[in-house]
Each structure stands twice: as C-alpha cells, then as structure tokens.
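Please read the structure below before turning to the comments.
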C-alpha cells in the first residue's frame, strides 16, 4: 500500500461568476459534494465558499489526478443541482479552475482560510481574490 499525502487547494466559480448560491443552496450543495466525493474515494478535508465560488482542500489518492477529480466533482454536482430543483434556472460551473499544492506546514492556514470564506468576502470580492491568486502563484503569464 502506498503512503501518499498530496494536498491541493482548489477553487472554481459558478458559470459567469453569477452569485446564485445563497446560504441554503451552498449548505446543500457543499454537503452533497462532500458526500459524493467520499463515496468516490475522494478525500475532502474542507469545503466552503461564497455565493459565486467554492474552495476545497483535497488530499489526492495514489490513483487520482487533479483534473479528473475536479472534473468529476464539478460535473456531478452541477448535474445534481439541476435535478434538485433548488434553483429556478440552470446551474453550472465555469470551465476553468485554480489548484495549487499545499505543504503540510500550511494546512492549518489554508483550513482557516477556507473556513472563513463568508467573513473574508464581506470585505473582498471573489474577483479580487481570484486576481490575488493569479499574481501570488505566478499564473499571470499563463493568461
């Protein structure tokens, strides 16, 4: 049995970054994503977000890769949302996403950041946060 611990902080937004997830929708959707992930062998340590995006802290298994895990979670959760009838319109995620590795020494910092999303976004928009990530992690040259 391989012993692997690869932590990934993932972020993705709703289609067109539309603020379509109120507290009730977020609670139900994030709970569903966590349950579904667990049933698929995907370990989600943290999940939280705002009205227009989600943050996850995931530990990848030996047979998992970032693209497949995110594609699975995004695809299944948007399908579930549309079947649930929680929203009077079609729900979807944007195609792009953000994912960076997290060192063991930074886990508590990232966990606190994800847990504090609601408070965080009272003073900073997701667009500002996204731009900060692009700059902080050196993705500007890829745009």
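In full-length UniProt numbering, the protein residues as written are 1 to 143. All C-beta atoms in this analysis are idealised placements derived from N, C-alpha and C, irrespective of residue type, glycine included.
Within the same chain, Cβ atoms closer than 7 Å to the Cβ of residue 32 are found at 77 and 80, the five residues on either side in sequence being excluded. For residue 28, the closest C-alpha among the options 40, 47, 113 and 43 is that of 47. The three-state reading of DSSP puts residue 61 in coil, since its state is none of H, G, I, E or B. The residue from 60, 30, 126 and 15 with its alpha-carbon nearest to that of residue 90 is 15. Relative to the Cα of residue 3, the nearest Cα in the group 128, 49, 21 and 61 belongs to 61. In the displayed model, residue 18 falls within coil according to three-state DSSP, outside both helix and strand. Here the C-alpha atom of residue 21 lies approximately 31 Å from the C-alpha atom of residue 104.
DSSP places residue 98 within a strand segment (E or B) once states are collapsed to three. Here residue 53 is buried. Its C-beta has 16 or more other C-beta atoms within 10 Å.
Within the DSSP secondary-structure output, residue 26 pairs in no beta bridge.
Your pair residue 42 and residue 64 checks out as a contact, with CB atoms roughly 7 Å apart and the cut at 8 Å. Sixteen is the threshold: when 16 or more other Cβ atoms of the shown chains lie within 10 Å of the Cβ of residue 13, as they do, the residue is buried. Where residue 111 is concerned, there is no enclosing beta strand (DSSP E), although the alpha helix (DSSP H) around it starts and stops at 107–115. Non-local beta-carbon contacts of residue 38 in its own chain, meaning distances under 8 Å to residues more than five positions away in sequence, involve 44 in chain order. Counting every other CB atom within 10 Å of its CB across the protein chains shown gives residue 55 a total of 16 or more, marking it as buried.
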